[in-house]
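Asks: Okay, so the sequence shown: first residue is 1371 according to the numbering used here, each after it adds one. Even for Gly, the Cβ is constructed at its ideal location relative to N, Cα and C.
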Amino acid sequence: MLRVAMLSGWHVHAKGYANTVNSFPDAKVTVVWDEEPARGKAWAEELKVPFEPDLARCVARDDVDGVVVDAPTSMHPEVMIAAAKAGKHIFTEKVMALTVKGCDRIASAVRKAGVKFCISMPQRCSPTSLFAKRVAEEKLIGDVTVLRVRVAHNGASAGWLPPHFYVPETCGGGAMMDLGAHPMYLARWILGKPRRITSTFNDRTGHGVEDNSVCLIEFEGKAIAIVETSFVSSHSPGALELYGTEGALLIGGPDGRPLLRSNRVASNVPGWVMPSDLPKPLPAPLRQWVSGCLEGSEIHFGLEEGTQLTELMEAAYASHRRGRQVEFA
1371 MLRVAMLSGW HVHAKGYANT VNSFPDAKVT VVWDEEPARG KAWAEELKVP
1421 FEPDLARCVA RDDVDGVVVD APTSMHPEVM IAAAKAGKHI FTEKVMALTV
1471 KGCDRIASAV RKAGVKFCIS MPQRCSPTSL FAKRVAEEKL IGDVTVLRVR
1521 VAHNGASAGW LPPHFYVPET CGGGAMMDLG AHPMYLARWI LGKPRRITST
1571 FNDRTGHGVE DNSVCLIEFE GKAIAIVETS FVSSHSPGAL ELYGTEGALL
1621 IGGPDGRPLL RSNRVASNVP GWVMPSDLPK PLPAPLRQWV SGCLEGSEIH
1671 FGLEEGTQLT ELMEAAYASH RRGRQVEFA
């Protein structure tokens, strides 16, 4: 049984994670900590577990084996380093930290402690995303020239995101830092190492952070990614599109089903085809973490992936602030 401390109810996914942990037969929430005591106490009462106002005491408890981190992103290094030093396994909401230096500090503490670490990258678990990765790797559409990924919702325009999601000091940004993490990590996973990035962000709803944003990223293999995200898009289906020298893969629309057309399979199947033999989905990130902690099974999204995502974000916001292209080291 993995005994879990919930570290903050700040993130909109926090309650969902707690409920998921308690739904597993081999895990349970045992304590809550929150940087806002009133919120933490109320949540602990809902979960019928103790509230511990002191972070160090919380992570040192004997009835805690691991922690789920949903604290403000700006607090991630402080919170995760404390957990690692206490010898607790770590699951974190994305992003890992606001800077690569912050990620490096976390990674150093985690490696020194020898604890398990997982960052939430759920869209890497889906059969269609796994198929897109295969199409790129096996060159089923030739060399990939363009990748377009869009993940968007209407959280700002419809008013359902909490006010603290628009505070740049704690969030690090707006739509791109939050929802844009999904297309960012998909692009990095599929296309490899980035070379340069250009960002266009704007604020339509006046919250003081970007709610509508696009990044163009060139990768070392010369493919270009178009990464789109928004808090002001209603009824926006997700999109993952790959274009190559020999064909194209389209994933998206209301049903999200993939369509493939390639000169490399045209002799057998002409025109657009709907692949039916998709890869099996990976376990959800939280399930990967629990199983990894208890059984030593593979966790697919760890320190390296978390740092790579922050590297993209840090450069994306630098491009926005400077109004120009930014190159990666």
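Between which two residues does the beta strand (DSSP E) containing T1469 stretch?
Replies: From DSSP, T1469 is part of no beta strand (DSSP E); its letter is neither H nor E.
Asks: Should C1488 and Q1658 be called a contact, given that it needs their Cβ atoms to be closer than 7 angstroms?
Replies: In contact: C1488 and Q1658 (Cβ atoms closer than 7 angstroms).
Asks: Taking N1572 as the reference, give the member of F1601, E1508, R1566, H1552 with the closest Cα.
Replies: F1601
Asks: Check whether the Cβ atoms of A1479 and D1440 sit closer than 7 angstroms, and answer yes or no.
Replies: The answer is no: Cβ separation not under 7 angstroms.
Asks: Which runs of the beta strand (DSSP E) spanning at least 3 residues fall entirely within the region 1532 to 1619, listed in chain order?
Replies: Runs found: 1564 to 1572, 1582 to 1589, 1594 to 1600, 1609 to 1614.
Asks: What ranges does the alpha helix (DSSP H) occupy inside the region 1390 to 1418, keeping only unbroken runs of at least 4 residues that lie completely in it?
Replies: Correct list: 1407 to 1417.
Asks: Compare the beta carbon distance of A1593 and V1514 with 7 angstroms and say whether it is the shorter of the two.
Replies: Yes, Cβ-Cβ distance for A1593 and V1514 is below 7 angstroms.
Asks: In the DSSP assignment, find the unbroken beta strand (DSSP E) run with L1372 in it and report its ends.
Replies: 1372 to 1377
Asks: Compute the Euclidean distance between the alpha carbons of S1499 and P1492, then round it to the nearest angstrom.
Replies: 10 angstroms
Asks: Starting from L1664 and walking both ways along the beta strand (DSSP E), at which residues does that stretch end?
Replies: L1664 -> not in any beta strand (DSSP E); alpha helix (DSSP H) instead, spanning 1655 to 1665.
Asks: Flag this pair as yes or no: are the beta carbons of V1402 and F1421 separated by less than 7 angstroms?
Replies: yes
Asks: Using CA atoms only, rank isn't needed, just tell me which of R1631, R1634, V1639, L1610 is closest to D1625.
Replies: L1610
Asks: Can you tell me where the beta strand (DSSP E) with L1489 in it begins and where it stops?
Replies: In the sequence as displayed, the identity of residue 1489 is Ile instead of Leu. Unbroken beta strand (DSSP E) run through I1489: 1487 to 1489.
Asks: Out of P1649, E1405, N1389, which has the shortest C-alpha to C-alpha gap to L1656?
Replies: Of P1649, E1405, N1389, the smallest CA-CA separation from L1656 is found for N1389.
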